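Per this note's numbering, residue 30 is the first one in the sequence shown, and the count goes up by one each step.
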Amino acid sequence: MNLSILVAEQVGLVILLAFALVNIPAFRRMLVVSNWQSQLGLWLIFATFAVISNLIGVLIAPDNQIIKRTLLLSIPQGYSVANVRILTVTVAGIVGGPLVGGGVGLTAGMFRAFQESFSPEAMFYIPSTLLIGILSGFFYDQRRQRFSPLKALNGFFIGLLMESIQMTFVLLFSPTGWTLVKFIGLPMIVISALGTSVFLSIIRLFFQQELAAQAAQTRTVLNLALSTLPVFQHGFTTAAAQTVVHLIIKYTTFDAVSITDRHRILAFEGVGSDHHKVDQKIATDLSYRAMREEMVEIADTQAAIGCQHPDCPLQSAVVVPLIAGGETIGTLKLYYAQRWRLTPVEVQLGTGIGQILSTQIMLGKASYQTELLRDVEIKSLQSQVNPHFFFNAINTIVAVMRRDPDQARKLLLSLSTYFRDNLMGARETLIPLAQEYEHVQAYLALEQARFPGKYEVTFSTYPPAALIPPFSIQVLVENAIRHAFGQRKHGNKVTVTVRQLADELAISVADNGQGIDPAQLPKLGQEVVTSANGSGTALQNLNERLHGLYDPHTGLKIKTSPNGTTVMMRIPYQTREGRPKEG
Numbered sequence: 030m031n032l033s034i035l036v037a038e039q040v041g042l043v044i045l046l047a048f049a050l051v052n053i054p055a056f057r058r059m060l061v062v063s064n065w066q067s068q069l070g071l072w073l074i075f076a077t078f079a080v081i082s083n084l085i086g087v088l089i090a091p092d093n094q095i096i097k098r099t100l101l102l103s104i105p106q107g108y109s110v111a112n113v114r115i116l117t118v119t120v121a122g123i124v125g126g127p128l129v130g131g132g133v134g135l136t137a138g139m140f141r142a143f144q145e146s147f148s149p150e151a152m153f154y155i156p157s158t159l160l161i162g163i164l165s166g167f168f169y170d171q172r173r174q175r176f177s178p179l180k181a182l183n184g185f186f187i188g189l190l191m192e193s194i195q196m197t198f199v200l201l202f203s204p205t206g207w208t209l210v211k212f213i214g215l216p217m218i219v220i221s222a223l224g225t226s227v228f229l230s231i232i233r234l235f236f237q238q239e240l241a242a243q244a245a246q247t248r249t250v251l252n253l254a255l256s257t258l259p260v261f262q263h264g265f266t267t268a269a270a271q272t273v274v275h276l277i278i279k280y281t282t283f284d285a286v287s288i289t290d291r292h293r294i295l296a297f298e299g300v301g302s303d304h305h306k307v308d309q310k311i312a313t314d315l316s317y318r319a320m321r322e323e324m325v326e327i328a329d330t331q332a333a334i335g336c337q338h339p340d341c342p343l344q345s346a347v348v349v350p351l352i353a354g355g356e357t358i359g360t361l362k363l364y365y366a367q368r369w370r371l372t373p374v375e376v377q378l379g380t381g382i383g384q385i386l387s388t389q390i391m392l393g394k395a396s397y398q399t400e401l402l403r404d405v406e407i408k409s410l411q412s413q414v415n416p417h418f419f420f421n422a423i424n425t426i427v428a429v430m431r432r433d434p435d436q437a438r439k440l441l442l443s444l445s446t447y448f449r450d451n452l453m454g455a456r457e458t459l460i461p462l463a464q465e466y467e468h469v470q471a472y473l474a475l476e477q478a479r480f481p482g483k484y485e486v487t488f489s490t491y492p493p494a495a496l497i498p499p500f501s502i503q504v505l506v507e508n509a510i511r512h513a514f515g516q517r518k519h520g521n522k523v524t525v526t527v528r529q530l531a532d533e534l535a536i537s538v539a540d541n542g543q544g545i546d547p548a549q550l551p552k553l554g555q556e557v558v559t560s561a562n563g564s565g566t567a568l569q570n571l572n573e574r575l576h577g578l579y580d581p582h583t584g585l586k587i588k589t590s591p592n593g594t595t596v597m598m599r600i601p602y603q604t605r606e607g608r609p610k611e612g
C-alpha cells in the first residue's frame with residue numbers, strides 16, 4: 030500500500046479529533062485563558078494525541094517494506110515507524126506555548142523510545158521531539174499570553190520546518206538514516222505540513238465563529254442597554270429589578286438571572302426559581318464576596334455557587350457587583366445549568382451587562398432626585414402666587430351680601446372654585462387648559478365684583494385638553510389687572526389668546542394699559558424689581574416654573590409700548606395622552 034495514503038489516513042484521524050475538540054467549550058477556553066490548569070489540560074490532550082499517533086503509525090521493515098499492524102505497542106529492532114507524532118507536537122507548541130509544546134514533545138519522544146524498549150538507537154527521539162515542541166512554542170503569542178490563530182499558509186510552513194528537523198535527526202542518528210529518509214521523508218514532510226495547516230485552520234475557523242458570537246453578544250448588550258434605559262428612572266426598586274431580569278433572560282442564553290440588593294433577592298427568573306425566591310435573604314458567600322471586594326466572582330461548580338438546596342440545577346455562575354456613585358448597592362447573578370457553558374465570552378458578557386446596569390441605576394437615581402427637587406421647587410413657587418388675593422375677595426363678598434345676597438352666593442361659589450383649583454393645581458405640575466380657564470373666570474368674577482365695569486376680559490377659542498402649568502394664565506391676567514391701568518376707571522381691556530402652532534401652544538395676554546418702564550423691562554421675569562407698581566415676583570416665579578418644567582429656553586417674552594403690554598409664552602403642546610395633535 031502507498032505510504033502517502035497511509036500517512037494521510039493518520040492525518041485525517043487527527044483532523045477528526047481536532048473537529049471534536051474545537052466543539053468543546055472547555056477546550057476553547059484553554060486556548061484563551063493562560064493559567065496552569067489550562068496548560069495542564071492542553072498537555073493532557075495533545076500528549077494523548079501524540080501517543081495515539083505513535084500507536085497507529087505505519088511499521089516499516091529494514092528493507093522499506095510496509096507492515097500492516099493495528100497498534101504498535103512495541104517495535105522490533107531495526108524497524109522504523111512513519112507517523113504524525115510531529116504534527117501533534119507542533120500544534121501543541123503553537124496553541125499552548127513552549128512549556129506545553131516541550132511537555133508534549135517530551136511525552137511523545139519518551140513513548141516512541143518506549144516502543145523500542147529504550148534502545149540506544151531510539152533515544153534520539155526524546156531530544157528531537159522535545160526541541161520541536163519548544164521551537165513550535167515560539168509561534169505562541171507570548172505578549173498576550175494566549176494562542177493567536179495563524180493563517181493556513183503559516184501553519185503549512187511551520188509544519189514543514191518541524192518535520193524537516195525531525196528528518197534531520199533521523200538522518201543523523203538512525204542506523205538506517207539515509208535509506209529511511211529517502212523512503213518516508215517527502216510524504217511525511219508534505220502531509221504533516223498539510224495536516225498542521227488544516228488543524229490550525231479548523232481552530233482559526235472556530236475562533237472566527239467565537240468572534241461572531243462576541244459581536245452578537247455585543248448587539249445583545251446594546252439591545253439590553255436600550256431596553257433597560259428607562260427602567261431605573263425611579264430608583265433601584267424590586268419592580269425595576271424584575272423587569273430587567275426578564276429582559277436579560279429574553280436577550281441572552283443564561284438559564285437563570287437574579288438581581289439582589291445588599292441583603293436580599295429583588296428578582297429571580299429561570300431554572301431554580303422554585304427555591305430561589307424574591308425577598309429571600311442572600312445565602313451565598315459568593316455574593317457577599319463580590320460586593321465586599323467589588324470584583325466579578327466566577328463559580329464553576331455547584332459547591333462554589335453555595336446553594337444549599339439538594340436539587341438545585343445551577344452549576345456555574347458569574348456574579349457582578351452593582352456599583353452606583355462609588356457605593357456597592359447589590360449584585361447581578363447570571364447562571365447556567367451546565368458547567369461547560371460558562372466560557373470567558375459569557376463572563377465578559379455578564380460583566381458588561383453589570384456595568385451598564387450600574388451606570389443606569391446611578392443615572393436613574395440622579396434623574397429621580399432631580400425630578401423630586403424640581404417638583405418641590407415648582408410647588409413652592411405655586412404656593413407663592415395667590416395668598417394676597419383671598420383677603421380682598423372675602424371683604425368684597427361681605428360688602429355685596431348686604432345689598433345682593435344672590436350675587437354674594439354666586440361669588441362664594443366662585444371663591445370655592447378658586448380655592449379648589451388652587452388646591453388641585455398645587456398637587457400637579459400640568460393641568461388641562463379648561464381647568465385653568467375655570468380658575469381665571471373665578472378670579473375675574475371676584476375681581477369684577479370689587480370694581481364693576483372697570484375691566485373687560487376676552488378669551489379666544491382654545492383646545493380645552495391641552496396641558497399647561499397651573500396658574501400660568503391666571504398670573505398673567507392678574508398681573509395685567511393689578512399693574513397695567515393705573516388709576517384709569519374705564520376702557521381697560523385684557524385679551525387672552527391661545528393658539529396651537531404645530532407641536533407648540535402659543536399663549537399671550539395683552540392689555541391696552543400704559544405700558545412698562547423700559548428701564549424695568551429687561552429685569553421682569555428674571556429677578557425681583559423695585560418699583561411703585563410692584564416687585565415682579567409673580568412673573569419671576571412663573572418664568573422659573575417654565576424653566577423647571579421644560580427647558581431654559583422656554584420662558585416669558587414681553588413686548589410693551591405706551592399703548593399696552595403683551596406677555597407671551599410658547600410651551601410644548603401635549604395632552605393627557607401625551608400625543609401632539611395637528612393644528
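Positions of the beta carbon are idealized from the N, C-alpha and C atoms, including for glycine.
If you're wondering where the values come from, they're calculated on a predicted model, not measured in any experiment.
Cα-Cα separation, residue i to residue j
i                 : j              : result
glycine 612       : valine 349     : Model confidence at glycine 612 stands at a pLDDT of 39, short of 50, so the residue's coordinates are unreliable and nothing is read from them.
arginine 608      : alanine 495    : Low confidence applies to arginine 608: its pLDDT is 49, below 50, so where it sits in the model is not reliable, and the reading given next is rough at best. Taking the straight line from one Cα to the other gives about 10 Å.
phenylalanine 420 : isoleucine 502 : 21 Å
valine 504        : asparagine 572 : 11 Å
valine 260        : glycine 184    : 51 Å
isoleucine 155    : alanine 37     : 24 Å
phenylalanine 212 : alanine 49     : 33 Å
arginine 293      : leucine 351    : 14 Å
threonine 266     : isoleucine 390 : 10 Å
leucine 60        : threonine 604  : 59 Å
glycine 354       : glycine 122    : 47 Å
isoleucine 278    : glutamate 298  : 8 Å
arginine 173      : threonine 281  : Low confidence applies here, because arginine 173 scores a pLDDT of 49, under 50, leaving its location unreliable; read the following figure in that light. Looking at the two C-alpha atoms, the distance is approximately 29 Å.
glycine 577       : leucine 530    : 22 Å
glutamine 337     : leucine 182    : 53 Å
methionine 597    : alanine 539    : 9 Å
valine 219        : glutamate 239  : 30 Å
Minimum C-alpha distance to residue i - residue among the options
i                 : options                           : result
tyrosine 484      : Val307, Tyr466, Asn508 and Asp92  : Asn508
phenylalanine 488 : Ala478, Gly224, Arg528 and Thr458 : Arg528
arginine 370      : Phe480, Asp329 and Leu69          : Asp329
aspartate 92      : Thr117, Lys588, Gln106 and Lys552 : Gln106
glutamine 384     : Asp308, Phe480 and Thr360         : Thr360
serine 345        : Gln337, Leu363 and His338         : Leu363
isoleucine 74     : Phe297, Asp303, Val133 and Leu534 : Val133
glycine 593       : Leu578, Gly544 and Gly577         : Gly544
threonine 225     : Gly515, Lys522, Leu42 and Pro601  : Leu42
alanine 422       : Ala332, Asp303, Gln477 and Leu276 : Gln477
alanine 55        : Gln367, Arg574 and Arg233         : Gln367
alanine 269       : Arg98, Thr490, Pro149 and Gly393  : Gly393
Under 8 Å between C-beta atoms of residue i and residue j
i                 : j              : result
isoleucine 687    : aspartate 290  : Past the boundaries of the shown model lies residue 687; the chain is included only from 30 to 612, so the question cannot be answered.
serine 82         : asparagine 52  : no
proline 499       : glutamate 457  : yes
glutamine 555     : glutamine 569  : yes
phenylalanine 235 : arginine 57    : yes
glycine 188       : alanine 137    : no
valine 286        : proline 342    : no
proline 216       : serine 33      : yes
valine 274        : isoleucine 382 : no
alanine 463       : serine 443     : no
glutamine 68      : leucine 160    : no
valine 469        : valine 523     : no
tyrosine 447      : tyrosine 472   : yes
leucine 459       : isoleucine 497 : yes
Exposure label - residue i; buried when at least 16 CB within 10 Å
i                 : result
glycine 264       : exposed
threonine 247     : exposed
alanine 613       : Absent from the model: residue 613. The displayed extent of the chain is 30 to 612, so no value can be given.
serine 537        : buried
tryptophan 72     : buried
methionine 191    : buried
arginine 114      : buried
isoleucine 96     : exposed
arginine 599      : buried
histidine 519     : exposed
phenylalanine 480 : exposed
Ranges of the beta strand (DSSP E) found wholly within the stretch 449-516, counting only runs of at least 3: 484-488
Alpha helix (DSSP H) segments (min. 4 residues) lying fully within the stretch 304-347: 314-322 and 331-334
Unbroken stretches of the alpha helix (DSSP H), 4 residues or longer, contained in the stretch 63-129: 65-84 and 114-125
Start-end ranges of the alpha helix (DSSP H) lying completely within the stretch 157-214, minimum 4 residues: 181-202
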